[in-house]
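Down below is the structure, laid out as structure tokens.
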Amino acid sequence: MQSIREKVMNILLEVEKPARYIGNEWNTVKKDLARVDIKVALAFPEVYDLGMSHLGFKILYGLLNQQEDIAAERVYAPWFDMEAKMRDQGISLFSLESFLSVKDFDFLGFTLQYELTYTNILNMLDLGGIPLKSEDRHREDPFVIAGGPSAFNPEPMAEFIDFYVLGDGEEVILEIMDKYREWKGQEDKSRKSFLKMVAELPGVYVPSFYQDYYDTGGNFEKLAPLDAGTSQVTQKRMVPSLDEVFYPVKSWIVPYLDIVHDRVMLEIFRGCTRGCRFCQAGTLYRPVRERSPEKLKELACQIIDETGYEEISLTSLSSSDYSNIQPLIRELQSALKDKGVRVTLPSLRVDSFSVQLAKVIQKLKKSSLTFAPEAGTQRLRDVINKNVSEENLMSTAGEAFREGWNHIKLYFMIGLPTETDEDLEGIVNIVKKIVGQFKNTVVEKERKGRLKITISTSTFVPKPHTPFQWEPQISLEEMKRKQRYLRDKLRGRNLIYNWHNPEASFLEAVISRGDRRISKVIYKAWEMGCRFDGWDNYLKFDRWQEAFKNVGLEPESYANRKVSLEANLPWDHINTGVSKKFLAKQYKLSLEGKTTSDCRDQCCLGCGVCEHPEINEVKGEISTDEIKA
Amino acid sequence: MKLRLKFSKEEPLKFISHLDLQRLFTRAFRRAGIKLGLKGGFNPQPKISFALALPLGCTSSGEYLEAEIVDELNPQEVKDRLSFQLPEGISIKEVTEASQEDSSLTSRVSSCLYRVRFQTEESLNVNKLKETVKKLLQRKELEITRQKKKKTKKIDIIPLIEHLEVMSVNSFQGEVEMHLKTGAGGSIKPQEIMSIIEKEAPLTITNKKIHRKKLFLEGGK
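Each protein sequence line maps, in turn, to chains A and B. Residue numbering for the first sequence follows the working numbering, beginning at 5 and increasing consecutively. Residue numbering for the second sequence follows the working numbering, beginning at 84 and increasing consecutively.
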């Protein structure tokens with residue numbers, strides 16, 4: 005019989021980008037599977053070109069493979085053409101290292117980065133011959149686990165995931181492996197006995213140990229443990245110090261394909277304390293933990309030596325907030341210059357400091373600068389706690405133009421709580437003023453190329469564990485109207501307006517705030533052929549609507565409903581360390597249009613996360629150093 | 084200094100594109116600690132150029148590239164250091180110093196030798212296949228049409244074939260070798276030759292593996 009590898013190689017010339025499926029990239033860890041005790045498949049529910057850049061997987065891949073008795077291998081969602089070929093030829097979903105069917109692993113771990121990848125997860129299970137529902141799995145099936153930001157509302161995928169890992173995965177994963185070794189050595193080898201063992205670990209949530217309840221009106225009532233011994237809440241796990249924790253160096257895989265973010269990502273810190281009220285990551289990754297400059301320099305040089313990459317990006321939720329970011333950049337630049345390596349920053353704060361940073365970075369090629377004012381008026385920016393003023397924005401733009409940039413990208417959100425057309429007009433005004441700023445700043449004959457302003461709007465999605473988790477999303481019609489409004493007004497030879505697919509934002513809201521019943525809708529949608537829903541061209545919204553109808557749920561009741569502050573929420577049993585009380589207080593302040601400062605600038609705001617036993621102290625201070633360019 | 088590398092590209096790397104291969108080499112040079120020269124001030128690119136792009140899906144045992152390196156190094160040392168940094172599927176066969184005065188590799192490639200192994204639906208007869216090829220080569224003119232965007236172009240391929248020969252046939256499998264011209268005077272792809280054979284024989288090819296055995300360079304010192 006032909007092996008999976010042989011079968012795959014025979015069909016690859018008939019699919020797009022075959023290099024997605026060949027593995028064998030530089031720094032791949034390939035172990036003799038006959039000589040390991042535990043096999044872990046790390047599965048990213050998106051196509052290779054997107055999934056390969058995910059930092060979390062690089063960390064887990066390296067950390068697990070560092071253990072002698074464990075092999076971790078990678079799995080990605082096959083693109084449509086490949087899936088059709090695989091189904092036609094009876095090829096199971098396989099890992100890229102050993103071309104082993106995912107069914108033959110001990111663990112199959114998915115990362116939940118975005119709700120619209122959930123149908124891909126079901127499709128991948130199906131392609132792997134693994135029963136989709138947790139309750140239908142047998143002893144020989146792998147344990148299907150999940151983590152990542154969207155796992156902080158685990159309920160919509162509760163029927164399919166055996167257990168969840170919440171928070172920093174590198175903190176828990178080896179403890180899970182220990183439990184597995186223990187379980188394999190004991191007499192009771194039922195799935196349930198292992199689930200009971202891992203449920204004892206902080207940060208692990210086993211959905212099948214809980215029952216969901218609804219009131220007579222069909223509204224979510226509560227979620228409760230089935231057993232008296234099961235913990236009511238699951239606490240997220242946190243790495244206390246980034247300097248001591250594992251970071252991938254030798255296992256940093258260099259793909260053949262030109263993937264998105266094809267560069268080294270150097271995580272300079274985790275967490276963000278700016279407190280934008282719509283931002284889920286701002287809650288989930290608290291508190292701020294910085295890597296020391298010494299450690300970063302050491303890592304940067306080592307990873308470049310191991311990979312040969314030409315670019316290294318300093319990533320985090322808000323990189324210009326790193327204490328002493330400028331000395332860090334200069335030091336990295338001087339250490340890497342001789343190797344011909346660029347140092348880059350992903351996005352910038354709206355201030356002069358950031359323009360100066362960009363200047364240090366983009367010495368030769370001034371490509372574009374990206375800023376995210378998020379809302380069009382001061383009033384609305386205060387509501388969302390985005391502490392940026394119009395003066396900041398204008399002076400920043402002016403400085404950017406003076407320094408020679410002529411392409412600026414602006415990110416805004418539409419449909420934010422309390423938004424009116426005046427706020428949309430505010431976006432238009434800002435853009436017009438920036439155009440004016442360009443004309444005032446750069447005299448005609450000094451202009452190098454035409455001014456270009458790219459304006460992108462996404463639609464506000466009320467996310468669990470944020471101060472806006474109780475707020476409704478605007479209706480689909482309203483999204484379309486607002487986008488039309490902006491489309492009509494943001495016309496001009498210097499302007500490009502992009503907007504986010506309204507149906508995708510709507511579904512994201514429904515699933516984000518979903519309870520356990522949404523599992524059935526996801527199942528139905530997958531059955532009707534939905535996958536790659538995050539891709540505008542492939543989202544089949546009508547089938548999703550049919551799936552909701554079929555299951556008897558109204559998607560609007562999830563997305564467009566204002567939830568009472570007193571109500572139990574489907575994700576209340578997941579504790580991010582930030583208290584619900586704090587979120588409620590922030591919510592009230594927002595409606596009063598009151599801002600809150602960054603806790604690194606001023607005093608502690610009492611969100612609660614630093615009281616966590618794993619966190620000793622919050623490191624880092626905001627730099628006030630002047631820049632000498 | 085300017086170096087010429089001869090290398091092979093085997094399974095499974097036949098599935099990576101020419102652009103992927105360029106990136107692969109640039110990164111391998113960096114890992115090996117060999118600094119490449121740069122060109123262009125605005126967005127500097129490494130000085131590395133390939134003789135002729137190998138189509139995705141083909142293997143090869145005789146590819147060439149030229150690279151400008153900053154430091155003076157022994158070619159053998161470059162071969163050793165670089166080989167250590169290349170994935171399974173790429174191996175360097177030879178590194179020599181190239182003359183700075185030589186015209187570009189690309190402009191000097193005149194023809195290529197290919198080997199095509201294929202499988203057919205119907206049983207093959209060696210004499211019949213040889214006869215097909217013979218008749219084909221005896222023709223004064225053999226036109227094929229190429230589609231380029233909306234334009235169609237007719238090309239006589241007879242002058243582009245240096246040599247074409249059936250090497251072996253074994254019931255459902257066959258092997259042909261072809262020496263084909265390339266460059267400014269026109270070029271023909273092995274796939275196109277196979278399509279003609281398929282049509283003329285006639286037969287149904289189910290699977291073919293194309294291997295470039297050699298690149299022929301002209302001129303230079």
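Beta carbons are placed, not taken as given, at the ideal position from N, Cα and C, and that holds for glycine. None of these values were measured; they are calculated from a predicted model.
Close Cβ partners of residue i (< 8 Å) along its chain, the five nearest in sequence each way excluded
| i | result |
| --- | --- |
| L16 of chain A | P22, Y25 and I26 |
| V435 of chain A | L414, I457, I459, L494 and L499 |
| W187 of chain A | K193, S197, F198 and M201 |
| I626 of chain A | Model confidence at I626 of chain A stands at a pLDDT of 38, short of 50, so the residue's coordinates are unreliable; what they give is reported in the following sentence. D325, S327, D602, R604 and D605, listed in sequence order. |
| I290 of chain A | Residue identity differs from the one stated: residue 290 of chain A is Arg in this sequence, not Ile. If we look at R290 of chain A and ignore the five residues flanking it on each side, its Cβ neighbours are G275, C276, T277, T580, G581, V582, C611 and V613. |
| K632 of chain A | With a pLDDT of 34 at K632 of chain A, under the threshold of 50, the modelled position of that residue is not reliable, and no figure is offered here. |
Buried versus exposed, by CB contacts within 10 Å (16 or more), residue i
| i | result |
| --- | --- |
| T400 of chain A | buried |
| Q487 of chain A | buried |
| R229 of chain B | exposed |
| Y542 of chain A | exposed |
| H246 of chain B | exposed |
| H142 of chain A | exposed |
| N157 of chain A | buried |
| D519 of chain A | buried |
| A284 of chain B | buried |
| T287 of chain B | exposed |
| S7 of chain A | exposed |
| A267 of chain B | exposed |
Beta strand (DSSP E) segment containing residue i, residue limits
| i | result |
| --- | --- |
| A232 of chain A | Counting along the chain, A232 of chain A falls outside any beta strand (DSSP E), and DSSP gives it neither H nor E. |
| W474 of chain A | It is not in any beta strand (DSSP E) - W474 of chain A carries neither H nor E in the DSSP assignment. |
| Y415 of chain A | H411 to I418 |
| H246 of chain B | I244 to N253 |
| A267 of chain B | Looking at the DSSP string, A267 of chain B is not in any beta strand (DSSP E), and its letter there is neither H nor E. |
| N503 of chain A | The question names Asn, yet the displayed sequence has Trp at residue 503 of chain A. Its beta strand (DSSP E) spans residues L499 to W503. |
| Q366 of chain A | No beta strand (DSSP E) contains Q366 of chain A, which DSSP labels as neither H nor E. |
| H294 of chain B | I288 to L300 |
| T422 of chain A | Element bounds for T422 of chain A: n/a, residue is neither H nor E. |
| Q330 of chain A | From DSSP, Q330 of chain A is part of no beta strand (DSSP E) but of the alpha helix (DSSP H) over I329 to L340. |
| L46 of chain A | I42 to F48 |
| L96 of chain B | No beta strand (DSSP E) contains L96 of chain B, which DSSP labels as neither H nor E. |
| E217 of chain B | Strictly speaking, residue 217 of chain B in this sequence is Lys, with Glu absent from that position. Where K217 of chain B is concerned, there is no enclosing beta strand (DSSP E), although the alpha helix (DSSP H) it sits in stretches over V209 to Q221. |
| G94 of chain A | Careful: G94 of chain A lies outside any beta strand (DSSP E) and carries neither H nor E. |
6 Å Cβ shell around residue i - same chain, five flanking residues per side excluded
| i | result |
| --- | --- |
| G408 of chain A | K370 |
| F147 of chain A | F111 and D166 |
CA-to-CA distance, residue j to residue i, given in whole angstroms
| i | j | result |
| --- | --- | --- |
| E226 of chain B | K237 of chain B | 6 Å |
| I134 of chain A | R87 of chain B | 51 Å |
| L587 of chain A | R565 of chain A | 18 Å |
| G233 of chain A | Y209 of chain A | 14 Å |
| L227 of chain A | T580 of chain A | 17 Å |
| V364 of chain A | G344 of chain A | 16 Å |
| E101 of chain A | W30 of chain A | 11 Å |
| I165 of chain A | N124 of chain A | 14 Å |
| F510 of chain A | F224 of chain A | 20 Å |
| L178 of chain A | G207 of chain A | 13 Å |
| S516 of chain A | E550 of chain A | 19 Å |
| I180 of chain A | S96 of chain A | 27 Å |
| F167 of chain B | K89 of chain B | 16 Å |
| F255 of chain B | T203 of chain B | 5 Å |
Range of the contiguous alpha helix (DSSP H) that encloses residue i
| i | result |
| --- | --- |
| E429 of chain A | D425 to T445 |
| T600 of chain A | Neither: T600 of chain A is in no alpha helix (DSSP H) and is coded neither H nor E. |
| A111 of chain B | H101 to R114 |
| P158 of chain B | P158 to S166 |
| V525 of chain A | I522 to E531 |
Same chain, Cβ closer than 7 Å to residue i, neighbours up to 5 away in sequence not counted
| i | result |
| --- | --- |
| K296 of chain B | S144, G145, L196, Y197 and R198 |
| T121 of chain A | P49, E50 and G538 |
Worksheet item: If you measure beta-carbon to beta-carbon, which residues of the segment 101-113 of chain B are closer than 9 Å to chain A?
Response: L102, D103, L104, R106, L107, T109, R110, A111, F112 and R113
Worksheet item: According to a CB-to-CB cut-off of less than 9 Å, which residues of the segment 164-189 of chain B neighbour chain A?
Response: Q168, L169, P170, E171 and G172: these are the residues of the segment 164-189 of chain B whose beta carbon lies less than 9 Å from some beta carbon of chain A, given in chain order.
Worksheet item: Along the segment 255-284 of chain A, what residues have a CB closer than 9 Å to any CB found in chain B?
Response: V258, P259, Y260, L261, D262 and D266
Discussion item. Counting only Cβ-Cβ distances shorter than 9 Å, please list the residues of the segment 302-319 of chain A near chain B, keeping chain order.
Written reply: I308, D309, E310, T311, G312, Y313 and E314
Worksheet item: Looking at chain A, which residues of the segment 200-225 of chain B have a Cβ within less than 7 Å of any of its Cβ atoms?
Response: none
Worksheet item: What residues in the segment 239-262 of chain B have a beta carbon less than 8 Å from any beta carbon of chain A?
Response: none
Worksheet entry | Against chain A: residues of the segment 118-137 of chain B by CB proximity under 9 Å | Sequence-ordered contacts of the segment 118-137 of chain B with chain A read K118, L119, L121, G124, F125, N126, P127 and P129 [C-beta pairs closer than 9 Å].
Fill in: Contacting positions in the segment 280-293 of chain B - beta carbon closer than 7 Å to chain A
none
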